[in-house]
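Enquirer:
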Amino acid sequence: MGQKRRGNIRSPVSTPSDTHSSSEIPPDKNSSSTSSCHGYLQSGKHSICMVSDFFYPNMGGVESHIYQLSQCLIERGHKVVIVTHAYGERRGVRYLTNGLKVYYLPLQVMYNQSTATTCFHSLPLLRCVFVRERITVVHAHSSFSSMAHDALFHAKTMGLNTMFTDHSLFGFADLSSVLTNKLLTVSLCDTNHIVCVSYTSKENTVLRAALDPYIVSVIPNAVDPTDFTPDPGRRDDNKITIVVVSRLVYRKGIDLLGGIIPELCAKYPDLCFLIGGEGPKRLVLEEVREKYQLHERVRLLGALDHKDVRDVLVQGHIFLNTSLTEAFCMAIVEGASCGLQVVSTRVGGIPEVLPDELVTLCEPTVSSLCDGLEKVITRQREGKVPPPAAIHRQVQHLYTWRNVAERTEKVYDQACRQPVLPLPARLRRLRSHCGAVAGSIFSFVAVINFLFLLFLQWLYPSHLIDVAMDATGPGSHWGHGFGKEESKYTDAVRHDVADRRRFKCKK
Amino acid sequence: MAEQEEFTDINGNPIQFSCQDFSPFCREFTVSSSKLSLLRVLMFTCTVWLLAYTGFYLTQNTAVLSAAIMVTLLGMLLHIHFVKVDHETLLIVGSLGVQLSSAYASGRESTTFIEMSRIKDIVINEAIHMQRIIYYLCILLKDHTEPDGVSSVVPLFQSSKPRLNCLVQVYRSCQEIIGQTP
Numbered sequence: 001m002g003q004k005r006r007g008n009i010r011s012p013v014s015t016p017s018d019t020h021s022s023s024e025i026p027p028d029k030n031s032s033s034t035s036s037c038h039g040y041l042q043s044g045k046h047s048i049c050m051v052s053d054f055f056y057p058n059m060g061g062v063e064s065h066i067y068q069l070s071q072c073l074i075e076r077g078h079k080v081v082i083v084t085h086a087y088g089e090r091r092g093v094r095y096l097t098n099g100l101k102v103y104y105l106p107l108q109v110m111y112n113q114s115t116a117t118t119c120f121h122s123l124p125l126l127r128c129v130f131v132r133e134r135i136t137v138v139h140a141h142s143s144f145s146s147m148a149h150d151a152l153f154h155a156k157t158m159g160l161n162t163m164f165t166d167h168s169l170f171g172f173a174d175l176s177s178v179l180t181n182k183l184l185t186v187s188l189c190d191t192n193h194i195v196c197v198s199y200t201s202k203e204n205t206v207l208r209a210a211l212d213p214y215i216v217s218v219i220p221n222a223v224d225p226t227d228f229t230p231d232p233g234r235r236d237d238n239k240i241t242i243v244v245v246s247r248l249v250y251r252k253g254i255d256l257l258g259g260i261i262p263e264l265c266a267k268y269p270d271l272c273f274l275i276g277g278e279g280p281k282r283l284v285l286e287e288v289r290e291k292y293q294l295h296e297r298v299r300l301l302g303a304l305d306h307k308d309v310r311d312v313l314v315q316g317h318i319f320l321n322t323s324l325t326e327a328f329c330m331a332i333v334e335g336a337s338c339g340l341q342v343v344s345t346r347v348g349g350i351p352e353v354l355p356d357e358l359v360t361l362c363e364p365t366v367s368s369l370c371d372g373l374e375k376v377i378t379r380q381r382e383g384k385v386p387p388p389a390a391i392h393r394q395v396q397h398l399y400t401w402r403n404v405a406e407r408t409e410k411v412y413d414q415a416c417r418q419p420v421l422p423l424p425a426r427l428r429r430l431r432s433h434c435g436a437v438a439g440s441i442f443s444f445v446a447v448i449n450f451l452f453l454l455f456l457q458w459l460y461p462s463h464l465i466d467v468a469m470d471a472t473g474p475g476s477h478w479g480h481g482f483g484k485e486e487s488k489y490t491d492a493v494r495h496d497v498a499d500r501r502r503f504k505c506k507k
Numbered sequence: 001m002a003e004q005e006e007f008t009d010i011n012g013n014p015i016q017f018s019c020q021d022f023s024p025f026c027r028e029f030t031v032s033s034s035k036l037s038l039l040r041v042l043m044f045t046c047t048v049w050l051l052a053y054t055g056f057y058l059t060q061n062t063a064v065l066s067a068a069i070m071v072t073l074l075g076m077l078l079h080i081h082f083v084k085v086d087h088e089t090l091l092i093v094g095s096l097g098v099q100l101s102s103a104y105a106s107g108r109e110s111t112t113f114i115e116m117s118r119i120k121d122i123v124i125n126e127a128i129h130m131q132r133i134i135y136y137l138c139i140l141l142k143d144h145t146e147p148d149g150v151s152s153v154v155p156l157f158q159s160s161k162p163r164l165n166c167l168v169q170v171y172r173s174c175q176e177i178i179g180q181t182p
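These protein sequence lines are chains B and P, in that order. For reference, each letter of the first sequence is one residue, going 1 to 507 in full-length UniProt numbering. For reference, each letter of the second sequence is one residue, going 1 to 182 in full-length UniProt numbering.
(1) So with CB distances below 9 angstroms, who are the chain B contacts of P/G12?
(2) Using a C-beta cutoff of 8 angstroms, does B/R132 count as contacting chain P?
(3) What would DSSP say about P/Q16, mapped onto helix, strand or coil?
(4) Consult DSSP for B/N449 and reduce its assignment to one of helix, strand or coil.
(5) How about the region 77 to 97 of chain B and the region 464 to 479 of chain B: do they share at least three Cβ pairs that are nearer than 8 angstroms?
(6) On the three-state DSSP scale, how would you describe B/N181?
(7) Taking the C-alpha atoms as reference points, what is the distance between P/H87 and P/M130?
(8) List, from N- to C-terminal side, the alpha helix (DSSP H) runs of 4 residues or more that fit wholly inside the region 387 to 452 of chain B.
(9) Going by DSSP, name the residue or residues bridged to P/H87.
(10) Give the list of continuous beta strand (DSSP E) stretches no shorter than 3 residues that lie fully inside the UniProt domain "Glycosyl transferase family 1" (233 to 380) of chain B.
(11) Which same chain residues, not among the five before or five after B/P225, have their C-beta less than 6 angstroms away from its C-beta?
(12) Can you confirm whether the region 70 to 87 of chain P touches the region 101 to 108 of chain P when touching is taken to mean that 3 or more C-beta pairs between the two stretches lie within less than 8 angstroms?
(13) Going by beta-carbon coordinates alone, are B/V314 and B/R235 separated by less than 8 angstroms?
(14) Pick helix, strand or coil for B/S114, following the three-state DSSP scheme.
(15) Would B/V138 pass as an interface residue toward chain P - the criterion being a Cβ-Cβ separation below 8 angstroms?
(16) Do B/V216 and B/T205 have their CB atoms nearer than 8 angstroms?
(17) According to DSSP, simplified to helix, strand and coil, what is B/Y103?
(18) Using a cut-off of 8 angstroms between C-beta atoms, extract the partners of P/R132 located in chain B.
(19) Chain B beta carbons: is any one of them nearer than 8 angstroms to that of P/I119?
(20) For B/F144, tell me which candidate among B/M158, B/T117, B/G276 has the shortest Cα-Cα distance.
(21) Would you kindly work out how many angstroms separate the C-alpha atoms of B/L160 and B/I350, rounded to a whole number?
(22) Between P/Y136 and P/T30, what straight-line distance do the alpha-carbon atoms span, to the nearest angstrom?
(23) Whole angstroms are fine: how far does the CA of B/V284 sit from the CA of B/L294?
(24) Can you name, in chain order, every residue of its own chain whose Cβ lies under 7 angstroms from the Cβ of P/D143, other than the five neighbours on each side?
(25) Smallest Cα separation from P/I114: which of P/L100, P/V123, P/A127, P/N125?
(26) Expressed to the nearest angstrom, what Euclidean distance is found between the alpha-carbon atoms of B/E486 and B/R299?
(27) Can B/L456 and B/P124 be called in contact, C-beta distance under 8 angstroms?
(28) Quick check: the Cα distance between B/G483 and B/G92, rounded to an integer number of angstroms?
(29) Where do the N-terminal and C-terminal ends of the alpha helix (DSSP H) with B/R94 fall, by residue?
(30) Give me the Cα-Cα distance between B/V359 and B/A331, rounded to the nearest whole angstrom.
(31) Does DSSP classify B/N204 as helix, strand or coil?
(32) Please classify B/N221 as buried or exposed, where buried requires at least 16 other C-beta atoms within 10 Å of its C-beta.
(33) Would you mind sorting B/R426 into buried or exposed? The rule is 16 or more other CB atoms within 10 Å of its CB.
(34) Which partner residues of residue 184 of chain P appear in the DSSP bridge assignment?
(35) Excluding the five sequence neighbours on either side, which residues of its own chain have a C-beta within less than 8 angstroms of the C-beta of B/V137, listed in chain order?
(36) Can you tell me which residues form a DSSP beta bridge with P/R27?
Spelled out as structure tokens, the structure:
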């Protein structure tokens, strides 16, 4: 059973014929799904469907990226819906702030919050969402999310424009990355546009998926600078505190952290560590703490809510990031925004993120990180570091979500001007880009998917799917007396006047 | 009774929708779905009998055939008695309550009444149903422990499943009546 919101229904209903009536754009092959988007194309606005396995209540970079980007796109007048899989009891349709609609589809979760993929089973539900929301652009996020790849595949079959944002870096050497890279090649070879979060990530994605670099854009992530403001009063200036906020997993270099802690603690008696986050590598840190008797000086805070992160950050002087691989590190921007000195490993896209005077970059080894930290500790002791407020001022305009949304909008415009490949061209592209074996297999899958779509169009014709009322976008109904008793009454009266004629029924 | 607009259910089968105005505070909505079609009954019977004859041919046991007769009869009885709903009625009386009744093909009727003090609101909601996402009308019941909470949801027109245009009409006139009662 879905959410019990009612505001979306209370407002007057626009009949779907409003938008169907115009026909300036010649309908293409799968016109049932695309003919309905003319209203959007004419107004210059898009109807965007963000698809990813990762969304709230799960926490992380991708999740907040999708949420913030969607909010800023709504602010710019686009219609946005989010599709993800059901999280426990949270399934059905929900509304978030400003009428952001989220579909939690009941698909089976397989591994690490990623859904199982068969390439077909999600088509009925995704088609229903695309048709009823009159989607024009499908924007998939994260290469770890199989649902995102499925959605790209189905969207291309249905003739919709597609976009993909890659949030992570991959290797090339081991078997699992070879396989994932092949799948990514297949998935991205006929996607209209791809977005990466940093130039390093772009290079990586272009190489992995054998793409034309011209269809890959770079749009960095952003932080909300008002959430991360410095508060020098909160920190204890008698000692120096190093803050680490990350998931405690191998990728984040927690083993390096386990080597740094005893070395520096032995050298500096007034040094403290404050570590926020949870994960399998917590054991490493607990072991170190136990072995060197550092219980007062190394505090493990466990899992943090996003709203608590700032409160932890402002307690420290130095922010340490030990990631081994990172496409774009949001954490160091958050740290700098709170006015901390940032020490980080020089990996992936991290060198692109902050100007040199705000960050100390080290090699991902214990000795190099210790050197870097010592340098910063000395500077901190001598009072040679700029005040937190100055750092915050410098960072706050670097990465904002509004800017990200503006740039993403341009990419949507560009993607929408490109043609969606019809099936024969798509099969040719698959076979020429993805090698003989994988190309043939996935051409076959694409054909089956197309036949399945035809079957679904026969079983549940598109004209039987009710067009959903828009909570966001040009025809938005959100906020029309939402949740207020008084306006509920006036609304009722208005409907009364409008509908009296229709409801005159004989006894 | 008098309705110009054509209504269908979510599968595209035509349904009849009628609205009776007894007084400004009392209204009755009836949604009638199409009658049990002879073709479908024949199809069901044929399938069962074909299966039964295959079973009989393989086993040479007449019990299979008698079982098939029982299955056909019982299946039909149960279907018209518990599954096939001919029409569903929603009677809303301002300040008193809402009565829901559904008449099965066999003539059996089941009726429930919800008093107005338990009703928080009537809304149109979205749900995922059988690989589709549909709109349905439902009554929100008040939660007595929490002032703003909703204790449960009672779906309306569950077996006929009308489409959104029909639901919106019912919704608006229900809101009109609920809006008038303090």
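No residue lacks a Cβ here, since even glycine has one placed at the ideal position from N, Cα and C.
Expert: Let me lay it out:
(1) Within the second sequence, numbered from 1, the residue matching residue 12 of chain P stands at position 12. Within chain B, the residues near P/G12 are Y460, P461, H463, L464.
(2) For the purposes of this step, residue 132 of chain B is identified with residue 132 of the first sequence, where counting begins at 1. Yes, because at least one Cβ of chain P sits closer than 8 angstroms to the Cβ of B/R132.
(3) Position 16 of the second sequence, counted from the first residue, corresponds to residue 16 of chain P. Strand at P/Q16.
(4) Counting from one through the first sequence, the residue named residue 449 of chain B turns up at place 449. Reduced to three states, the DSSP call for B/N449 is helix.
(5) yes
(6) As a position in the first sequence, residue 181 of chain B is number 181, starting the count at 1. In this structure, B/N181 counts as helix in the three-state DSSP scheme.
(7) Locating residue 87 of chain P in the second sequence gives position 87, counting from the first residue. Locating residue 130 of chain P in the second sequence gives position 130, counting from the first residue. Cα to Cα, P/H87 sits roughly 22 angstroms from P/M130.
(8) 388 to 396, 401 to 417, 423 to 433
(9) Your numbering for residue 87 of chain P matches position 87 in the second sequence. For P/H87, which the question treats as bridged, DSSP gives the partners P/S32, P/A103.
(10) 240 to 245, 271 to 276, 298 to 302, 318 to 321, 341 to 345, 359 to 362
(11) Numbered from its first residue, the first sequence carries residue 225 of chain B at position 225. Closer than 6 angstroms at the Cβ level, and outside the excluded window around B/P225, lie S337, Q396.
(12) yes
(13) What you label residue 314 of chain B is simply residue 314 of the first sequence in a count that begins at 1. What you label residue 235 of chain B is simply residue 235 of the first sequence in a count that begins at 1. Taking 8 angstroms as the Cβ cut-off, B/V314 and B/R235 qualify as a contacting pair.
(14) Working through the first sequence from its first residue, we reach residue 114 of chain B at position 114. The answer is strand: DSSP assigns B/S114 an E or B state.
(15) On the first sequence, residue 138 of chain B is found 138 positions in, with the first residue counted as 1. It does not; no Cβ of chain P falls within 8 angstroms.
(16) Counting from 1 along the first sequence, the entry for residue 216 of chain B is found at position 216. Counting from 1 along the first sequence, the entry for residue 205 of chain B is found at position 205. Yes.
(17) Walking along the first sequence from the start, residue 103 of chain B turns up at place 103. The answer is strand: DSSP assigns B/Y103 an E or B state.
(18) Position 132 of the second sequence, counting from 1, holds the residue named residue 132 of chain P. P124, L125, C128, Y460, I465, listed in chain order.
(19) Residue mapping note: residue 119 of chain P aligns to position 119 of the second sequence, counting from 1. No, no contact with chain B.
(20) In the first sequence, residue 144 of chain B corresponds to position 144, counting from 1. Nearest option by C-alpha distance: B/T117.
(21) Translated into positions along the first sequence, residue 160 of chain B becomes position 160. Translated into positions along the first sequence, residue 350 of chain B becomes position 350. Distance between the alpha carbons of B/L160 and B/I350 is about 34 angstroms.
(22) Your numbering for residue 136 of chain P matches position 136 in the second sequence. Your numbering for residue 30 of chain P matches position 30 in the second sequence. Approximately 15 angstroms between the Cα atoms of the pair.
(23) Taking the first residue of the first sequence as 1, we reach residue 294 of chain B at position 294. Taking the first residue of the first sequence as 1, we reach residue 284 of chain B at position 284. Looking at the two C-alpha atoms, the distance is approximately 13 angstroms.
(24) Translated into the one-based positions of the second sequence, residue 143 of chain P becomes position 143. So the qualifying residues of the chain are G149, V150, S151.
(25) If you number the second sequence from 1, residue 114 of chain P lands on position 114. Checking every option, the nearest Cα to that of P/I114 belongs to P/L100.
(26) Start at 1 with the first residue of the first sequence, and residue 486 of chain B comes out as number 486. Start at 1 with the first residue of the first sequence, and residue 299 of chain B comes out as number 299. The pLDDT assigned to B/E486 is 33, lower than 50, so where the model puts this residue is not dependable, and the model offers no usable value.
(27) Looking up residue 456 of chain B in the first sequence gives position 456. Looking up residue 124 of chain B in the first sequence gives position 124. Cβ atoms of B/L456 and B/P124: closer than 8 angstroms.
(28) The residue given as residue 483 of chain B occupies position 483 in the first sequence. The residue given as residue 92 of chain B occupies position 92 in the first sequence. Note that B/G483 scores 40 on pLDDT, short of 50, meaning its location in the model is unreliable and no value can be drawn from it.
(29) The residue given as residue 94 of chain B occupies position 94 in the first sequence. Per DSSP, B/R94 belongs to no alpha helix (DSSP H); it is in the beta strand (DSSP E), 92 to 96.
(30) Residue numbering aside, residue 359 of chain B sits at position 359 when the first sequence is read from its first letter. Residue numbering aside, residue 331 of chain B sits at position 331 when the first sequence is read from its first letter. If I take the Cα positions, the gap works out to 12 angstroms.
(31) To locate residue 204 of chain B, count along the first sequence from 1; it is residue 204. DSSP places B/N204 in helix when its eight states are reduced to three.
(32) Reading the first sequence from its first residue, position 221 is the one you call residue 221 of chain B. Burial call: buried.
(33) Here the question's residue 426 of chain B lines up with position 426 in the first sequence. It counts as buried.
(34) Any property of residue 184 of chain P remains undetermined from this structure, which presents chain P solely from 1 to 182.
(35) Working through the first sequence from its first residue, we reach residue 137 of chain B at position 137. These residues qualify, in order along the chain: H46, S47, I48, C49, L160, N161, T162, M163, Y412, A415, C416.
(36) Numbered from 1 along the second sequence, position 27 holds the residue referred to as residue 27 of chain P. DSSP, once it has assigned bridges, lists P/D21, P/I92 as partnering P/R27.
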